[in-house]
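According to the numbering used here, the sequence shown holds residues 1 to 188 in order.
By construction, the Cβ of each residue, glycine as well, lies at the ideal position given by its N, Cα and C atoms.
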Amino acid sequence: GNNNNAQNMNIGTGSAARTIKIGNAIGATKLDLDAGTGGVDIDSTGVVNIASSLDNASAIALTASAGGIDITATGAAGEDIDILASGSSVNVTSTEDASDAIVMNASNGGIIMKVANGKDLTMGNTDSDAYFRVAASGTAGDEDVRIVNTNGTDEAAIAITATSGGVDIDAADTKDVNISGGQVKLLS
Numbered sequence: 001g002n003n004n005n006a007q008n009m010n011i012g013t014g015s016a017a018r019t020i021k022i023g024n025a026i027g028a029t030k031l032d033l034d035a036g037t038g039g040v041d042i043d044s045t046g047v048v049n050i051a052s053s054l055d056n057a058s059a060i061a062l063t064a065s066a067g068g069i070d071i072t073a074t075g076a077a078g079e080d081i082d083i084l085a086s087g088s089s090v091n092v093t094s095t096e097d098a099s100d101a102i103v104m105n106a107s108n109g110g111i112i113m114k115v116a117n118g119k120d121l122t123m124g125n126t127d128s129d130a131y132f133r134v135a136a137s138g139t140a141g142d143e144d145v146r147i148v149n150t151n152g153t154d155e156a157a158i159a160i161t162a163t164s165g166g167v168d169i170d171a172a173d174t175k176d177v178n179i180s181g182g183q184v185k186l187l188s
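Shown next as structure tokens:
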């Protein structure tokens with residue numbers, strides 16, 4: 001009720017199966033659901049579907065103004081968490097000043113990252129002057145992998161290290177391994 005009595009309200013809590021409807025989709029009809037520190041608890045033994053037909057960049061918004069957001073699936077293989085943008089992009093952004101501001105962790109499996117031919121897979125800094133890039137292409141002569149450090153002046157501005165094993169550099173018989181600029185030191 002709308003009085004000050006501390007009492008529970010039950011709607012459709014009887015033992016019979018039924019459909020419970022609240023409101024309508026006419027004009028500017030709005031459903032405003034508020035709760036205090038007790039929170040909002042939605043449970044179902046069936047599918048929970050949250051959908052919007054609004055053509056807007058934020059048609060569905062999940063916002064925690066002072067805390068975090070957890071999305072958890074405890075199902076078996078194939079019962080995954082799927083994020084799909086059909087015709088649009090997926091943006092993951094963090095403004096936290098931390099070395100692990102965004103973490104991708106597969107504790108028991110691998111991670112696969114793919115791009116279409118003609119597109120690049122780039123991992124680097126915000127200025128794009130130090131990066132690792134895979135330039136995928138359906139044309140063999142246009143496909144390459146690049147490790148670039150534009151501004152680094154350290155003796156090891158790019159380091160390839162195998163602490164306990166070897167380093168193998170191979171090229172096709174008709175191609176060269178080209179090392180140029182500065183001094184070339186081979187140590188053993």
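In the structure shown, the three-state DSSP call for Asp144 is strand.
Linking Tyr131 to Ile147 through their CA atoms gives a straight-line distance of about 6 angstroms. Runs of beta strand (DSSP E) with 3 or more residues, each lying fully within the stretch 124-168, are found at 130-135 and 144-149, listed in chain order. Under the three-state reduction of DSSP output, Leu121 falls in the strand class.
In the same chain as Ala59, and ignoring 5 residues on each side of it, the C-beta atoms closer than 7 angstroms to its own belong to Ser52, in chain order.
For the options Leu121, Thr126 and Asn125, the alpha carbon positioned closest to that of Val145 is the one of Leu121. Close CB contacts of Ala136 within its chain, under the 8 angstroms cut and outside five residues either way in sequence, are with Val115, Ala116, Asn117, Gly118, Lys119, Asp120, Leu121 and Glu143 (chain order). Annotation: Gly166 to Ser188 spans about 12 angstroms, alpha carbon to alpha carbon.
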